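Visitor:
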Amino acid sequence: MTTFQPVLLEAVGVAGSHTLASYRSRGGYAPLERMLKEKQPTDVIELVKASGLRGRGGAGFPTGLKWTFLPKDHPGPIYLCINADESEPGTFNNRILMEDDPHQVIEGIILSAYATRATTAYLYLRYEYPQSWDRLQGAIDEAYAAGLLGKNIQGSGFSLDLYLHRGAAAYICGEETGLIESLEGKRAWPRIKPPFPAIEGLFRKPTVVNNIETMACVAQIARRGVDWFRSIGVPSDPNNPRDPGSYGPKLYCLSGHVERPGCYEAPLGITARQLIDGQGGGVWKGRKAKAVIPGGISMGLLTEAELDTPLDFAGPGKVGCLGLGTAAVVVIDETVSIVDFLHNSCR
């Protein structure tokens, strides 16, 4: 069995990893240049569809399928919005990607914009992330200077402008239509659907909203291929036609009562127990877990007896949780009153 090797977080801890020179030295932007030269936008959509990539922001909707909802005959403009409003308690993986490897995110954004025919992209950044702002803006400036953003990227005829937008410090801005309302300068009040953003989104034009980690996955799929991506994770359930599988690596934010809290990259489908005992070093002070939140406060609780549940898009739902959510795994040890925890964290 091949040992899993992190790729989304491969640059973490590398000096200067946020720079264009570092990203280029790791093969960055070569897939983008090849795609712009050799592939049509529909080819990129088919690549992402074939990979089985599902959105990493919480809902887990198939990314390539989401892109196909855009009207094919629309004259434009089409917008791409990147949701970096990371406000779910216990979630911090987007921040690490943006601060340690921003060019990986930007390459995924450019590829996604090319696939969706978007000529303008907005990255909506959580207000409380000043270092992420600095790293991203620096990387965007480098990309413009290198001809990777702006007019006629690498002589391909494709143009894209990418703008950073500081968020409004409100949890509801993480909902895609609330984010769009905020981008338009209004109160982040979610819209009634339909119409969906793919038909009528930002400035009432067709819009795709994707997550930061999803963009990083797009960049890795372009670099490493469909077979690599589908070799990781959990295949679809043949007995459930509505289950498209849970493929690829995933960033899990492990916090609470563990010895080694942090952001860990693992195959989709790792169990809660494996994540806590392996990456997290076990429950702190040798105690037992009373409960584990598998994917953010709103997802429900796993009991200690349910810790062998796979943390993929289907697993938590089979034991009564709402789903994987943002993969913010919060461990609560045996000394904690769940009632007290409820009042402390959910008011």
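For the sequence shown, the positions run -15 to 331 when the working numbering is used.
Glycine residues also receive a C-beta, built at the ideal position from the N, C-alpha and C atoms.
All of these numbers come straight from a predicted model, not from anything done at the bench.
#1: In terms of residue numbering, what span does the alpha helix (DSSP H) encompassing aspartate 211 cover?
#2: Excluding the five sequence neighbours on either side, which residues of its own chain have a C-beta within less than 6 Å of the C-beta of glycine 44, listed in chain order?
#3: Does the distance from the C-beta atom of leucine 64 to that of alanine 102 stay below 8 Å?
#4: Helix, strand or coil for methionine -15 per DSSP?
#5: In terms of residue numbering, what span does the beta strand (DSSP E) encompassing arginine 150 cover?
#6: Considering just the uninterrupted stretch of the alpha helix (DSSP H) at tyrosine 98, what are its terminal residues?
#7: What residue range is occupied by the uninterrupted alpha helix (DSSP H) comprising threonine 161?
#8: Roughly how many angstroms separate the alpha carbons of methionine -15 and glycine 284, rounded to a whole number?
#9: Three or more beta-carbon pairs under 8 Å between the segment 197 to 207 and the segment 65 to 81, yes or no?
#10: Taking the beta strand (DSSP E) that isoleucine 316 belongs to, which residues open and close that run?
#11: Would you check if the distance between the CB atom of proline 190 and the CB atom of tyrosine 98 is smaller than 8 Å?
#12: Scan the segment 233 to 268 and note each continuous beta strand (DSSP E) run of 3 residues or more that stays entirely inside, going in chain order.
#13: Based on Cα-Cα distance, which residue from Leu20, Tyr106, Asn77 lies nearest to isoleucine 62?
#14: According to DSSP, what are the bridge partners of isoleucine 277?
#15: Given this structure, state the Cα-to-Cα distance separating leucine 133 from arginine 150, to the nearest angstrom.
#16: With 16 other CB atoms within 10 Å as the buried threshold, where does glutamine 204 fall?
#17: In this structure, how does DSSP classify glutamate 196 when only helix, strand and coil are distinguished?
#18: My output table needs one value for valine -9: the three-state DSSP class, helix, strand or coil.
#19: Which residues in the same chain have their Cβ closer than 8 Å to the Cβ of aspartate 69, if we skip the five residues on either side of it in sequence?
#20: Return the first residue and the last residue of the alpha helix (DSSP H) that tyrosine 128 is part of.
#21: What's the gap between the Cα of proline 300 and the Cα of leucine 308?
#22: DSSP three-state label for arginine 188, please.
Guide: Answer, in terms of the structure:
#1: Working through the sequence shown from its first residue, we reach residue 211 at position 227. Where aspartate 211 is concerned, the enclosing alpha helix (DSSP H) stretches over 210 to 214.
#2: Looking up residue 44 in the sequence shown gives position 60. Result list for glycine 44: Arg38, Phe297, in chain order.
#3: If you number the sequence shown from 1, residue 64 lands on position 80. If you number the sequence shown from 1, residue 102 lands on position 118. Yes, these two residues count as a Cβ contact at 8 Å.
#4: Taking the first residue of the sequence shown as 1, we reach residue -15 at position 1. Confidence at methionine -15 is low in this model, with a pLDDT of 43, below 50, so the placement of that residue should be treated as unreliable; the coordinate-derived value is given next. If DSSP states are grouped into helix, strand and coil, methionine -15 belongs with coil.
#5: Residue 150 sits at position 166 when you count from the first residue of the sequence shown. Segment 145 to 150, the beta strand (DSSP E) holding arginine 150.
#6: Taking the first residue of the sequence shown as position 1, residue 98 is located at position 114. From DSSP, the alpha helix (DSSP H) with tyrosine 98 extends over 86 to 100.
#7: Position 177 of the sequence shown, counted from the start, is the residue given in the question as residue 161. Unbroken alpha helix (DSSP H) run through threonine 161: 160 to 167.
#8: The count along the sequence shown starts at 1 and reaches residue -15 at position 1. The count along the sequence shown starts at 1 and reaches residue 284 at position 300. Any reading at methionine -15 must be qualified, since the residue scores a pLDDT of 43, below 50, and its modelled position is unreliable; the value itself is stated next. So the two alpha carbons sit approximately 33 Å from each other.
#9: yes
#10: Working through the sequence shown from its first residue, we reach residue 316 at position 332. 312 to 317 is the span of the beta strand (DSSP E), which, as asked, contains isoleucine 316.
#11: For the purposes of this step, residue 190 is identified with residue 206 of the sequence shown, where counting begins at 1. For the purposes of this step, residue 98 is identified with residue 114 of the sequence shown, where counting begins at 1. Their beta carbons are not under 8 Å apart, which means proline 190 does not touch tyrosine 98 by this criterion.
#12: 233 to 240, 246 to 251
#13: Start at 1 with the first residue of the sequence shown, and residue 62 comes out as number 78. Comparing Cα-Cα distances from isoleucine 62 to each of Leu20, Tyr106, Asn77, the minimum goes to Tyr106.
#14: By one-based count along the sequence shown, residue 277 stands at place 293. Paired residues: Val314.
#15: Indexing the sequence shown from 1 puts residue 133 at position 149. Indexing the sequence shown from 1 puts residue 150 at position 166. Cα to Cα, leucine 133 sits roughly 20 Å from arginine 150.
#16: If you number the sequence shown from 1, residue 204 lands on position 220. The residue is buried, with at least 16 neighbouring Cβ atoms inside 10 Å.
#17: Position 212 of the sequence shown, counting from 1, holds the residue named residue 196. A quick correction: the sequence has isoleucine, not glutamate, at residue 196. Isoleucine 196 falls in the helix class under three-state DSSP.
#18: Against the sequence shown, residue -9 aligns to sequence position 7. Residue state, collapsed to three classes: coil.
#19: On the sequence shown, position 85 is the one that residue 69 refers to. Excluding residues within five positions, the ones whose Cβ falls inside 8 Å are Tyr108, Leu109, Arg110, Gly151, Cys157, Gly158, Leu163.
#20: One-based indexing of the sequence shown puts residue 128 at position 144. That run of the alpha helix (DSSP H) goes 114 to 129.
#21: Here the question's residue 300 lines up with position 316 in the sequence shown. Here the question's residue 308 lines up with position 324 in the sequence shown. Roughly 6 Å separates the two Cα atoms.
#22: Taking the first residue of the sequence shown as position 1, residue 188 is located at position 204. Arginine 188 falls in the helix class under three-state DSSP.
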